[in-house]
Structure formats: C-alpha cells, structure tokens
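Taking the working numbering, the leading residue of the sequence shown gets 270, the next gets one more, and so forth.
Ideal Cβ placement from N, Cα and C applies to all residues, glycine included.
Everything below concerns the one structure shown next.
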Amino acid sequence: MWGRHREAFSMYKRMPSRDHSTLVDDVEENSALLQNSMDVETTNPSWLLSFPHVVVATISSLLFGYHLGVVNEPLESISIDLGFRGNTLAEGLVVSTCLGGAFIGSLFSGWIADSAGRRRAFQLCALPMIIGAATSATTRTLAGMLIGRFLVGTGMGIGPPVASLYLAEVSPASLRGTYGSFIQIATCLGLMGALFIGIPVREIAGWYESCSRYHSICYMFLVRLILHNLLRWRICFWVSTVPAGILAFAMIFCAESPHWLYKKGRSAEAEAEFERLLGGSHVKYAMLELSKLDRGDEADTVKLSELLRGRHFRVVYIGSTLFALQQLSGINAVFYFSSSVFKSAGVPSDVANALIGVANLTGSIVAMLLMDKLGRKLLLLWSFFGMTMSMVLQVAAANSYVSGSGSLYLSVGGMLMFVLTFALGAGPVPGLLLPEIFPNRIRAKAMAFCMSVHWVINFFVGLLFLRLLEQLGPQLLYSIFASVCMMAVIFVKKNVMETKGKSLQEIEIALLPPE
270 MWGRHREAFS MYKRMPSRDH STLVDDVEEN SALLQNSMDV ETTNPSWLLS FPHVVVATIS
330 SLLFGYHLGV VNEPLESISI DLGFRGNTLA EGLVVSTCLG GAFIGSLFSG WIADSAGRRR
390 AFQLCALPMI IGAATSATTR TLAGMLIGRF LVGTGMGIGP PVASLYLAEV SPASLRGTYG
450 SFIQIATCLG LMGALFIGIP VREIAGWYES CSRYHSICYM FLVRLILHNL LRWRICFWVS
510 TVPAGILAFA MIFCAESPHW LYKKGRSAEA EAEFERLLGG SHVKYAMLEL SKLDRGDEAD
570 TVKLSELLRG RHFRVVYIGS TLFALQQLSG INAVFYFSSS VFKSAGVPSD VANALIGVAN
630 LTGSIVAMLL MDKLGRKLLL LWSFFGMTMS MVLQVAAANS YVSGSGSLYL SVGGMLMFVL
690 TFALGAGPVP GLLLPEIFPN RIRAKAMAFC MSVHWVINFF VGLLFLRLLE QLGPQLLYSI
750 FASVCMMAVI FVKKNVMETK GKSLQEIEIA LLPPE
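In structure tokens form, the structure reads like this:
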C-alpha cells in the first residue's frame with residue numbers, strides 16, 4: 270500500500286496554490302505521518318458515524334423521486350379540475366415544465382454548492398420545493414400549476430448533484446458505493462410514495478359525487494370543501510412539503526463536506542468534520558490524502574471552457590455521456606407514462622405501477638449489496654445489457670404476429686425486467702461514479718454541467734415520448750431504445766474505470782494527466 274502512495278506522489282504534479290494551513294510542511298513530514306497512520310487504515314471507519322448524515326442527505330432524493338411521479342396517477346383529475354382535459358400538449362407540459370425547472374436549477378447547482386457549501390445547498394433546494402408544491406396545491410388554473418411545477422423543478426435540479434457530491438465526500442471509501450445506492454433507493458421510495466398517494470384520487474371522485482345524498486346544506490358544503498381541497502389530487506402536492514421541511518431543518522445538524530472546507534482553506538474545520546464522520550483515529554490519514562491534491566486559489570473560478578477541453582475533458586465527456594445514455598435508454602418514459610403504456614396493454618394502471626415500484630426498489634437494494642463487492646463497471650455493463658434484452662422483449666410484444674395473451678405477458682414482463690435491470694446499475698451508478706472521477710477542484714461545476722445534459726434530454730423525452738409512440742409505433746421506438754442500451758454497453762466497456770475501494774484522491778491521481 271505504501272508503494273502505491275509513493276508512486277502517487279511521484280506521478281502527480283502539484284499545482285500552485287496558497288498555503289492555507291500548517292498541517293503539512295513538506296513531503297517528508299507527510300511520509301512520516303502517513304507511515305504512522307498505516308495501522309489505522311487496516312480497519313475501516315464505523316458506518317454509524319457517517320450514516321445519519323447520509324440519511325438526511327438522501328431526503329432530497331426521496332423528494333426527487335416523489336415529484337417525478339406525483340402527476341402520474343392524478344393527471345386525469347388535474348386536467349378535469351383545471352380545464353385542460355383532452356389537451357395532450359398541456360398534459361405533457363405539466364410533466365415537462367418541472368424538468369425545465371430542473372435544468373435551470375442544475376445549471377446553478379455547482380455555483381451554489383461551491384459558494385454556499387453542501388449543507389446550505391440542500392436547504393436552498395428545499396425552499397423552492399416547498400413554495401412550488403404549495404402553489405400547485407392551491408392553484409385554480411393551468412398557469413398556476415405550471416409555475417408551481419417549475420419552482421419544484423428548480424429544487425429538483427439542485428438536489429441530485431449536491432446529494433451525489435455530499436455522499437461521495439462524506440462517505441468512507443469502503444462504504445461509498447453502498448451509500449451511493451441510497452440515492453437510488455430513496456428515489457424509488459419517492460416514486461412509490463407518489464404512486465400510493467395518487468391511486469385513491471380516482472376513487473375520491475366517486476366519494477365527492479356521493480355528497481349530493483346529504484340533505485343538510487351546511488354539512489354537504491363542509492364535506493365537499495374537505496374532499497375537494499384536501500382529499501383530491503391537491504393532497505399529493507401538500508404531502509411533499511413535510512419531507513422538504515425536514516431536510517431544511519435537519520441539515521443544520523449535519524456535517525459539512527470536509528472536501529469543501531479544505532478547498533476553502535478551512536483545514537481546521539475540515540479536520541473536525543472528518544472526526545465526526547470517520548472517528549478520531551482516521552483524521553490524520555484523511556487529511557493527508559486531501560493534502561496531496563490541489564485546492565486552487567479561493568478566487569480561482571472554474572470556467573466552462575476548462576471542462577470542455579484540456580486535461581479535464583475526458584472525465585467530463587465520460588460523465589455527460591453516461592447521463593445522456595441513461596436518459597435515452599427510455600427509463601423516464603416508463604416512469605412518466607407507465608399508466609398510459611400499461612393501459613394500452615390491458616393491465617390496470619395501479620397494479621402495473623405498483624409492480625414497477627417493487628421491481629425498482631428490489632433492483633436498488635440488490636445494487637446496494639453488490640456495489641462495493643462487484644464494483645461499478647461490472648454492474649453498469651450487465652445493467653445496460655439486461656435493459657437491451659428487456660427492450661427486445663418489448664419489440665416482440667409489439668409484433669403483430671404475437672397473440673394477444675403472448676403480447677400481454679411479453680409487454681408486462683419486458684417492462685418489469687427493464688426497470689429491474691436499470692435499478693441494478695444504470696440507475697444508481699452514474700450519480701455515484703461521476704463525483705468519484707471528477708477532481709476536487711472542478712467536482713461541483715462538472716456535476717452541474719453533466720446534470721444539465723441529463724435534464725435537457727429528460728425534458729425532451731418527457732415531452733415527446735407519447736407523440737413519438739403515436740407516430741413511430743411501439744416496435745420502432747423500443748428498437749431505438751434497445752440500440753441506445755447496446756451502445757451504452759460498448760461505451761462503458763471502453764471508457765469507464767473501476768473505482769471500487771479507492772479513495773477520491775487515488776482516483777483523481779489515476780485519471781487526471783499531469784499538466
């Protein structure tokens with residue numbers, strides 16, 4: 270292990286920066302302290318120390334998943350109440366406006382995370398989610414709904430990249446894959462929560478109409494008021510304000526990212542946060558790992574041109590392409606319009622969506638158990654390959670030569686297999702892998718850029734999927750999705766490196782060419 274660190278010192282060219290602390294004076298002192306800390310590193314830090322901070326951070330992912338699926342079930346009721354029933358463009362806007370807001374939020378997420386810190390970035394992402402959800406819950410017009418969805422989207426755009434950054438920076442190397450999988454699990458729970466809260470909306474319409482049986486005008490008015498404003502689709506938006514408020518409040522008590530503190534020259538505070546997250550016996554080694562890397566000058570800003578060419582281009586290219594392939598695989602089309610797709614196959618939407626939620630959660634839990642054992646790259650390869658085979662089943666189901674019952678089984682089975690295999694790798698791995706491969710100096714800005722790519726593609730998939738399904742037909746559209754998944758297998762095989770068990774500093778030294 271010492272040989273590996275000595276080699277790292279020799280191959281890495283330190284960039285000039287201000288002397289922010291007196292933690293290390295020279296390489297010889299680093300070497301001596303590192304040698305004394307070797308015995309400590311033979312044991313991993315306790316998961317109990319970092320676990321509470323990780324759980325609070327993943328509330329943002331819970332909200333992300335919830336708002337992705339919140340309009341799936343009640344969309345018909347919303348269109349009736351707000352007066353745009355039958356307008357497919359308006360329905361698409363209710364879904365996609367949120368994604369447009371997420372794109373705007375993601376553009377600023379890197380600047381917010383670098384300027385205000387990771388903790389305050391979480392609090393700032395919760396604020397528009399609360400305001401936007403309240404706006405959507407109280408509106409009487411389509412315009413009000415779109416404004417609310419846009420505000421929620423800005424919070425969604427800030428949350429995912431900051432969560433990925435935070436979990437990568439506060440997690441011990443031995444647990445970073447497991448903790449990274451929490452993001453996907455929380456997203457699944459959010460989607461399932463939106464599903465189970467949305468299912469009763471259709472039944473409530475019947476309860477609402479039954480109020481006419483009551484003869485007491487006052488009592489009937491009270492019941493109508495409660496059912497219309499609380500129990501119908503509006504409650505779906507009100508519910509989301511509770512975890513958003515918890516996120517904003519609980520972040521007060523969470524640790525700040527030691528990597529961000531060190532980058533800002535606050536080494537003493539970084540050391541204190543490492544003690545909270547890893548335990549006192551691991552602090553010196555963690556600080557020595559950080560000291561090997563350039564933190565840049567505080568006034569040194571990362572420009573877009575720096576991400577798109579030069580020594581950082583390769584990692585940014587890998588990250589943005591992974592997110593693009595993830596979205597073009599068709600997964601969010603499944604989540605946004607699963608009710609419509611399964612309805613055309615003759616499957617009740619509530620049953621089908623519940624099965625999708627279970628498949629998504631099951632795959633995410635399996636990924637959590639395997640992430641730090643099999644590694645990121647292997648899970649990505651088999652995940653995209655499984656998604657390819659799943660889409661092949663969908664193409665077969667759309668074939669006119671397949672019987673009605675056979676088409677039904679292939680369609681449902683292929684859709685569930687697609688979600689399951691997605692959750693095994695293509696879902697959780699990119700959000701974990703990107704903050705691992707990005708150098709500390711550009712990590713927040715590079716994540717913001719890649720998430721912007723993610724949301725642009727996500728927006729157009731959500732807006733155009735149903736129209737493409739009508740124009741191209743399911744067979745051709747699913748064939749395109751299968752081709753994208755197969756392209757992803759080839760891309761991962763050629764470009765992605767394994768990061769399992771390596772510190773962020775080791776990964777940066779291995780990937781970043783010297784100037």
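- Residue burial is scored here from C-beta neighbours: Val511 has fewer than 16 other C-beta atoms within 10 angstroms and is therefore classed as exposed.
- Within the same chain, Gly467, Val470, Trp502, Cys505 come within 7 angstroms of Pro343 by CB-CB distance, once the 5 residues on both sides are set aside.
- Just measuring C-alpha positions, the residue of Ser659, Leu358, Gly386 sitting nearest Leu415 is Leu358.
- In the three-state reduction of the DSSP assignment, Lys769 falls in the coil class, being assigned neither a helical nor a strand state.
- Scanning its chain for C-beta atoms nearer than 6 angstroms, with the 5 sequence neighbours on each side dropped, one finds around Ala517 the residues Gln392, Ala395, in chain order.
- Taking C-beta atoms as the reference points, Gly449 and Gly700 count as a pair closer than 8 angstroms.
- Taking C-beta atoms under 8 angstroms as the contact rule, Phe372 and Val725 qualify, at a distance of about 6 angstroms.
- Beta-carbon to beta-carbon, Ala717 and Pro430 are separated by about 6 angstroms, close enough to satisfy the 8 angstroms threshold.
- Inclusion of Ala463 and Asn341 in the CB contact set at 8 angstroms is warranted, their separation being smaller than that value.
- Judged by pairs of C-beta atoms under 8 angstroms, the stretch 616 to 633 does not touch the stretch 745 to 752, as fewer than three such pairs exist.
- Of the candidates Phe465, Phe654, Leu576, the residue whose Cα lies closest to the Cα of Val627 is Phe465.
- With a cutoff of 8 angstroms on beta-carbon distance, Thr423 and Leu351 are scored as not near each other.
- Assigned with DSSP and collapsed to three states, Phe506 falls in helix.
- Out of Met755, Met684, Cys523, the CA that lies nearest to the CA of Pro321 is found in Cys523.
- Boundaries of the alpha helix (DSSP H) around Leu351: 344 to 351.
- Inter-segment contact for the stretch 583 to 603 and the stretch 691 to 711 is present: three or more beta-carbon pairs are separated by less than 8 angstroms.
- In the DSSP annotation of this structure, the continuous segment of the alpha helix (DSSP H) that includes Pro397 starts and ends at 387 to 407.
- When rounded, the separation of the alpha-carbon atoms in Glu777 and Ser574 is 20 angstroms.
- When rounded, the separation of the alpha-carbon atoms in Gly374 and Ser721 is 9 angstroms.
- Shown here, Phe465 sits in a helix according to DSSP, grouped into three states.
- When the Cα atoms are used, Met656 and Leu317 turn out to be separated by approximately 35 angstroms.
- In this structure, DSSP gives Ser315 a state outside helix and strand, which the three-state scheme calls coil.
- In the structure shown, the three-state DSSP call for Lys532 is helix.
- Bounds of the alpha helix (DSSP H) holding Lys762 are 743 to 764.
- Take Ala695, set aside five residues on each side of it, and the residues of its chain with a beta-carbon closer than 6 angstroms to its own are Gln595, Ser652, Phe653, in chain order.
- Residue range 697 to 706 is occupied by the alpha helix (DSSP H) that includes Leu701.
- With respect to the C-alpha of Arg445, the residue from Ser319, Cys754, Asn709, Leu732 having the closest C-alpha is Ser319.
- Per DSSP, reduced to three states, the secondary structure at Arg710 is coil, with no helix or strand assignment.
- From the listed residues Glu767, Glu705, Lys763, the smallest Cα separation to Ala432 is found for Glu705.
- Here Leu547 carries a helix assignment [DSSP, helix/strand/coil].
- Within a 10 Å sphere around the beta-carbon of Phe582 sit fewer than 16 other beta-carbons, which makes this residue exposed.
- The C-beta distance from Val363 to Ile347 rounds to 7 angstroms, short enough to fall under 8 angstroms.
- For Lys572, there is no enclosing alpha helix (DSSP H), as DSSP marks it with neither H nor E.
- CA-to-CA, the gap between Ser443 and Ser405 works out to about 42 angstroms.
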